[in-house]
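Data first, discussion second: the structure below is written as structure tokens.
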Amino acid sequence: MSTMTHGKAEGPKQLIEQDVRERAYIPELIKGLAITTRHFFRNLFGERDTNPQVVDRTGTSLITTICYPEEKVPYPVGYRGLHRLVPREDGKPRCVACYMCATICPAQCIYIEAGEYGADDDAAESRVIEKFPKQFVIDELRCIVCGLCVDACPKDAIRMDTEMHTPSEYTRQNFVYDIPKLLRGAPVTHPSDPWFKRGSSEQPDHVHKEAHTRIGEGNTSRLLANNVEIDTSKPVAVTKFIK
Amino acid sequence: MRLGMIFGWLCFIVGAYFGVMLLAYGLGFWFEGLGAGGSHFAAILCCMLICVMITATLLTMAERKWGGFFQDRTGPNRARLPGLPNAVLGGLPHIIGDVVKMLTKEAFSPERANKYLFKLAPMLAFAPVFALFAIVPAGPTLAMTAADGTVRQVMMVAANPDFGLLYIFGIASFAVYGTSLAGWSSNNKFALLGGVRASSQLISYEVALGLSLVGMMIAFSTVQLAGPTGMVESQGQYIWSTTFGSFDVGLQGWGIFLQPVGFLLFFAAAFAETKRAPFDAPEGESEIVGYFLEYSGMQFGLFMISEFVEVVVLGGVIVAIFFGGYHLGVGDLWLQNLAFMKAHPVLLGGLYGLVFWLKVVVLIYVQLVIRWSFPRFRYDQVQTLGWKILLPMGLINLFVTGALILWDPTLHTLALVGLLEIGVVIFLTVTPPRQVRREAEEAGHGHGHGGHDDHGHAAPALPSAGTH
């Protein structure tokens with residue numbers, strides 16, 4: 032058995048021989064008009080199927096339009112939409128102002144101004160968290176919606192799971208989102224969050240559970256094992272929590 | 086629901102045309118009483134100003150809405166009338182928006198443009214196209230008896246000059262002055278290119294346009310369209326006919342039956358003169374924007390509406406020359422001899438006028454289908470088609486027609502040959518090409534593994550792979 036005789040496996044058939052029908056031109060024109068007319072009458076008389084999944088439409092009408100404001104395509108699972116800052120139980124952002132998102136952002140649309148908790152700060156987190164964002168600003172007009180900031184965040188503090196795109200605004204300034212605009216959604220808590228750590232332990236109790244808590248601690252132990260000197264005069268964020 | 090709506094729209098269209106034509110004959114009868122020839126004025130008023138203009142205006146919408154349906158889109162449906170926030174109305178509110186936009190936009194003209202010609206060009210483009218309809222009869226000439234016993238001849242045509250079709254040739258070629266002047270006076274290279282393309286396209290199609298109609302002129306020995314000896318009345322004569330009781334059935338001598346080749350040539354040539362796709366090289370939005378590149382506001386609107394008026398007028402001309410004008414095709418004599426119709430000639434006129442306009446609507450649809458189906462001809466293909474195909478075919482058609490009429494002046498042979506030509510085209514259209522037939526046959530003899538692909542709609546189901 033041979034393979035293909037002519038042309039490609041799929042798509043319209045390519046005729047090799049010149050036929051009188053093609054040379055006369057008119058019959059082929061009429062066939063073309065018949066196809067267009069069939070589409071016209073199917074679309075004219077057929078009830079339009081409004082299933083947002085266009086490929087699943089089964090109506091008589093062949094129209095594939097989705098009339099946008101009235102009909103919307105549901106966003107796929109995992110859709111990257113408008114950013115949000117994830118709040119803690121106490122309503123403050125989970126962000127620890129580590130600048131990872133701002134650093135990886137290819138569009139450089141994230142601006143963070145870090146604040147430091149003072150040693151005498153009696154806020155509960157001051158014992159376990161060193162920094163917090165005084166300002167956290169995303170310019171949504173510059174954002175290219177790549178999602179790298181979400182991947183980079185070690186604290187699950189920034190997400191793009193709002194299932195909405197950036198709403199329209201009348202001025203450019205309104206597209207610059209600050210913390211009050213970004214901070215929304217249900218509060219999120221992980222067992223590995225630093226404020227759950229036991230103060231007396233040498234090792235954090237979730238040392239191998241969560242990737243994002245392992246980053247710092249694992250680093251320190253490896254450094255120690257390799258007999259690398261650590262300048263203890265400068266505070267190191269992770270060791271501070273352990274001691 | 087949807088079917089009911091479409092049926093309602095159809096009834097509305099039919100009723101509107103019928104009403105306007107009733108009005109036309111009523112007015113014609115009245116004007117004829119004021120002075121002989123007054124019915125021409127009624128024809129100008131009702132047929133040209135109301136029917137042609139309103140149909141052309143609606144076409145601006147139909148073009149886009151139907152275009153949507155041809156291409157599996159919904160077409161425009163965003164505009165709403167105030168107070169009817171949920172009624173799409175087939176996109177008709179868009180017309181209001183378009184008109185307001187066109188009228189309120191700045192009528193810009195370039196600094197270096199020739200101001201006088203620049204402003205003159207849209208009028209020159211619109212006027213001849215509109216005037217073309219003047220000699221097309223939208224209804225029969227009816228003798229109506231007034232209350233005082235005098236008989237008034239009501240003609241439903243704006244003018245019926247002796248030179249008839251020659252008027253169409255003359256005026257149709259006049260329209261290109263607007264186009265080429267618009268391109269030249271804009272002082273813009275692309276606009277100039279469009280104008281030059283338009284004029285060269287006109288020259289290549291003018292000859293074929295004229296030649297294609299000579300056959301009809303020979304067949305009916307007239308160049309007039311309206312009037313008792315005009316082409317439209319002549320097409321109402323039966324070539325073969327029989328009667329069932331008082332109902333007459335037969336083949337009327339429509340131009341499409343006598344001159345199918347002439348019809349194709351005329352349609353192609355006239356289509357090229359309207360500068361619409363697939364002959365829209367003078368516009369060519371994707372390459373040179375076209376001769377109206379510098380126009381804005383209602384000046385551009387005139388070019389636009391003249392294009393749609395041209396569609397309507399071309400439909401009317403083709404119906405009058407090739408599709409029997411206002412004739413029904415069967416039962417004409419029966420209808421005319423009905424006692425009721427004899428008593429109410431206005432009603433008869435309205436019915437015939439309705440038939441004419443419905444045929445025009447079908448022709449408009451055909452033009453829109455063509456416009457949305459076929460891609461634009463390349464510029465050299467346009468020239469090749471005009472000079473190397475249409476012109477020789479027109480000459481051959483002329484010789485054949487002349488010989489047949491010389492041999493058989495009763496037009497029977499001409500009609501036979503015409504029907505034969507139509508039959509050949511239909512046969513070639515419905516039968517698959519030889520290669521397809523043979524491959525289908527081979528696949529049938531072969532291992533029978535023909536997986537039928539369901540891509541092609543018109544083509545017969547083919548096995549996706551053949552065997553040697």
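Read top to bottom, the protein sequences are chains R and W.
Throughout, the numbering used here is defined as the position within the first sequence, counted from one, plus 31.
Throughout, the numbering used here is defined as the position within the second sequence, counted from one, plus 85.
Even for Gly, the Cβ is constructed at its ideal location relative to N, Cα and C.
In this structure, the straight-line span from the alpha carbon of R:Ala-138 to that of R:Tyr-99 is close to 29 Å. By the Cβ test, the stretch 350 to 369 of chain W is not in contact with the stretch 520 to 528 of chain W, since fewer than three Cβ pairs between them sit closer than 8 Å. The three-state secondary structure of W:Gln-344, taken from DSSP, is coil. The Cβ atoms of W:Ile-256 and W:Ala-311 do not sit closer than 8 Å to each other. Pairing R:Lys-123 with R:Arg-215, the inter-Cα distance amounts to about 10 Å. Counting only residues of its own chain and dropping the five nearest sequence neighbours on each side, W:Ala-354 has a CB closer than 7 Å to the CB of Tyr-290, Ala-293, Leu-294, Ser-297, Leu-475. The DSSP-derived three-state label of R:Asp-170 is strand. Residues Cys-140, Val-207 of the same chain have their beta carbon placed closer than 6 Å to that of R:Asp-170, with the five preceding and five following residues left out of the count.
Each residue's CA atom was taken as its position, placing W:Gly-122 and W:Cys-131 some 15 Å apart. In this model, W:Met-106 and W:Leu-436 are separated by some 8 Å (Cα to Cα). DSSP places W:Trp-325 in the strand class (E or B) of the three-state scheme. Apart from the 5 residues on each side of it in sequence, W:Asp-493 sits with its Cβ closer than 8 Å to the Cβ of Leu-499 in its chain, given in chain order. Under DSSP, R:Ala-145 shares a beta bridge with R:Pro-164.
Here R:Gln-139 carries a coil assignment [DSSP, helix/strand/coil]. The residue among R:Asp-209, R:His-196, R:Lys-165 with its C-alpha nearest the C-alpha of R:Gly-146 is R:Lys-165. For R:Val-86, there are no C-beta contacts with chain W under 7 Å, since the nearest C-beta of that chain is about 13 Å from it. Taking the CA atoms as reference points, W:Phe-203 sits about 19 Å from W:Thr-189. Annotation: the continuous alpha helix (DSSP H) that includes W:Val-292 extends over 274 to 305.
Contiguous beta strand (DSSP E) elements confined to the stretch 187 to 248 of chain W occur at 224 to 230, 236 to 241, taking only those with 3 or more residues.
With fewer than three CB-CB distances shorter than 8 Å, the stretch 317 to 329 of chain W does not count as touching the stretch 369 to 379 of chain W. Within chain W, the residues whose beta carbon sits less than 7 Å from that of R:Thr-95 are Asp-157, listed in sequence order. Not one beta carbon of chain W lies nearer than 8 Å to the beta carbon of R:His-114. DSSP places W:Phe-385 in no beta strand (DSSP E) but in the uninterrupted alpha helix (DSSP H) bounded by 382 to 407. Residue contact with chain R for W:Phe-462: absent (no Cβ-Cβ distance below 8 Å to any residue of chain R). Taking 8 Å as the CB threshold, R:His-70 lines the interface with chain W. In this structure, W:Gly-111 sits near W:Val-431, with a CB-CB distance shorter than 8 Å. A residue is called buried once 16 or more other Cβ atoms fall within 10 Å of its Cβ, and W:Val-394 is buried on that count. DSSP places W:Gly-416 in the coil class of the three-state scheme, outside both helix and strand.
Annotated three-state conformation of W:Ile-256 is helix, per DSSP. Contact between W:Ala-128 and W:Ala-109 holds, with the beta-carbon distance rounding to 7 Å and staying under 8 Å. W:Phe-385 and W:Gly-503 do not touch by the CB rule: their CB atoms are close to 43 Å apart, not below 8 Å. Three or more beta-carbon pairs separated by less than 8 Å are not found between the stretch 178 to 185 of chain W and the stretch 94 to 111 of chain R, which leaves the two stretches without contact.
With its beta carbon less than 8 Å from one in chain R, W:Leu-88 belongs to the interface. Using a Cβ distance threshold of 8 Å, R:Thr-96 and W:Arg-158 count as a contacting pair.
Closer than 8 Å to the CB of W:Gln-468 there is not a single CB belonging to chain R.
DSSP places W:Gly-89 in the helix class (H, G or I) of the three-state scheme.
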